[in-house]
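To start, the structure itself, in structure tokens.
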Amino acid sequence: MNSDGNPKVSNRKLIHGFHAANARLWQNPKSLIEIYLAGGRHDARAQAVLDKAAAEGIKLHIVDKARLDSMTGGARHQGVAAVIDASRSHVTLDDVLENLAEPPLLLILDGVTDPHNLGACLRVADAMGAHAVIAPKDRSAGINATVSKVACGAAEVVPYITVTNLARTLRDLKDSGVWIAGTTMEADTDLYHFDAAGPLAWVMGAEGEGMRRLTREHCDVLVSIPMFGTVESLNVSVSAGMVLSESRRQRTLAGR
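Counting in our numbering, the final residue of the sequence shown is number 236, and the numbers go up one at a time with none missing.
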């Protein structure tokens, strides 16, 4: 036991913001160790946190804003922070694929290291119903408080799976019948002339560098996003939102 009476947890992480805390509270309450809520709040969102935490038996601390500011490093915490057991969030790619009721729709991030970009990618992945976000362990941002905040709850509900060997994962996905589509300016086709309704994994490279050579070689097809204005490139999360949205649009029209 720790000095505060809680069981020892080797993978404790801090998240903050109402979206992140509420998503974790409702989707995976067993991963919550304790919640810190600003005193003096009597609004509906704060009451919902209080009621749910009590129902789940989660330890709740009422603290002042200065304590929350100190805990979160001055981040915009909205009056709530929580300590989680991140090890309880782990799922494998096999777990995801085995429990789908529709063809897989995946987002693969090759070299996205900025936590703000990762958080935004998780947010659009959740909005467009992607089943998981996949990244290599050695060239990717991890889930931290910044990612959870930017993701507005999506980091707690969208599986984020890091893999040791991305090339091998791409081969395994192909063996499972998933089509691998890499996004690049030098492409075989463009987004609006590509059949994106089937089992699909979209691969996004890092801004500036793009996909690594080996990752590109494992793609079944390369797809570009048409650009009609003066800008030459898009933020990775904007690009991810566009391709995932097109997949979801085509699936909807196909009745999938």
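Yeah, the Cβ is synthetic: ideal placement off N, Cα and C, and Gly gets one too.
Values in this document were obtained by computation on a predicted structure and should not be read as measured data.
Own chain residues within Cβ distance below 6 Å of residue i, not counting five before or after
| i | result |
| --- | --- |
| K32 | L5 |
| R103 | A131, C132 and A134 |
| N313 | With the chain covering -19 to 236 only, the question about residue 313 has no answer from this structure. |
| L194 | A147 |
| A125 | L(-6), I(-5) and H(-4) |
| L202 | G162, T164, A167 and D168 |
| A105 | L87, V113 and V138 |
| V127 | P95, L98, G99 and A135 |
| E36 | P9 |
Burial state of residue i, where buried means 16 or more other Cβ atoms lie within 10 Å
| i | result |
| --- | --- |
| R148 | exposed |
| N(-18) | Note that N(-18) scores a pLDDT of 49, beneath 50, so its modelled location is shaky; the value from the coordinates is reported in the next line. Per the 10 Å Cβ criterion, exposed. |
| H237 | This structure leaves residue 237 out entirely; the chain is present only between -19 and 236. |
| P(-13) | The predicted model places P(-13) with a pLDDT of 48, which falls under 50 and marks its position as unreliable, so this point remains unresolved. |
| Y16 | buried |
| P139 | buried |
| S50 | exposed |
| A46 | exposed |
| Q58 | buried |
| L48 | buried |
| K10 | exposed |
| T52 | buried |
| N79 | exposed |
| A3 | buried |
| V60 | buried |
Separation of residue j from residue i, as counted between CA atoms
| i | j | result |
| --- | --- | --- |
| L12 | G122 | 19 Å |
| D175 | G235 | 14 Å |
| R231 | M222 | 14 Å |
| G(-15) | S67 | Unreliable positioning characterises G(-15) in this predicted model, as indicated by a pLDDT of 49, which lies under 50. The coordinate reading is nonetheless provided below. Their Cα atoms are separated by approximately 20 Å. |
| P83 | A107 | 17 Å |
| E187 | H22 | 43 Å |
| L89 | K154 | 17 Å |
| L180 | W159 | 5 Å |
| M207 | Y172 | 11 Å |
| I38 | R(-8) | 15 Å |
| R229 | R25 | 33 Å |
| S213 | F(-2) | 33 Å |
| L150 | H198 | 7 Å |
| A220 | A34 | 38 Å |
| I205 | L224 | 12 Å |
| A0 | V29 | 12 Å |
Any chain C beta carbon closer than 9 Å to residue i
| i | result |
| --- | --- |
| V216 | As a matter of chain content, chain C is missing from the structure shown, which is built from one protein chain. |
Same chain, Cβ closer than 8 Å to residue i, five either side skipped, listed in chain order
| i | result |
| --- | --- |
| D44 | A18 and G19 |
| I141 | V71, T72, L73, V76, A112, V113, I114 and A115 |
| K117 | T142, V143 and T144 |
| S227 | L85, M108, A176, A177, L180 and W182 |
| D200 | K154, W159, I160 and A161 |
| T93 | R119, S120, A121 and A186 |
Residue i CB to nearest heavy atom of the ligand MG below 8 Å
| i | result |
| --- | --- |
| T169 | Ligands are entirely absent from the displayed structure, and the ligand MG is therefore not among its contents. |
DSSP beta-bridge partners of residue i
| i | result |
| --- | --- |
| G64 | Before going on, a small fix: residue 64 reads as Ile here, not Gly. In DSSP, I64 forms a bridge with K(-7) and L12. |
| S204 | D170 |
| A107 | According to DSSP, A107 bridges with nothing at all. |
| V113 | L87 and Y140 |
Chain-order list of residues whose beta-carbon lies under 7 Å from that of residue i (same chain, five-residue window excluded)
| i | result |
| --- | --- |
| M191 | D90, G162, T164, V183 and G185 |
| S156 | L77 |
| V63 | R(-8), L(-6), I13 and E14 |
| S217 | N97, A100, C101 and V104 |
Alpha helix (DSSP H) runs wholly inside the segment 122 to 196, at least 4 long, in chain order: Runs found: 125 to 131 and 146 to 155.
Length-filtered (3 minimum) beta strand (DSSP E) runs lying within the segment 72 to 104: Entirely contained in the segment 72 to 104, the beta strand (DSSP E) runs reaching 3 residues are, in chain order, 85 to 90.
Whole beta strand (DSSP E) runs in the segment -13 to 45 with 3 or more residues, listed along the chain? Entirely contained in the segment -13 to 45, the beta strand (DSSP E) runs reaching 3 residues are, in chain order, -8 to -4, 12 to 18 and 39 to 43.
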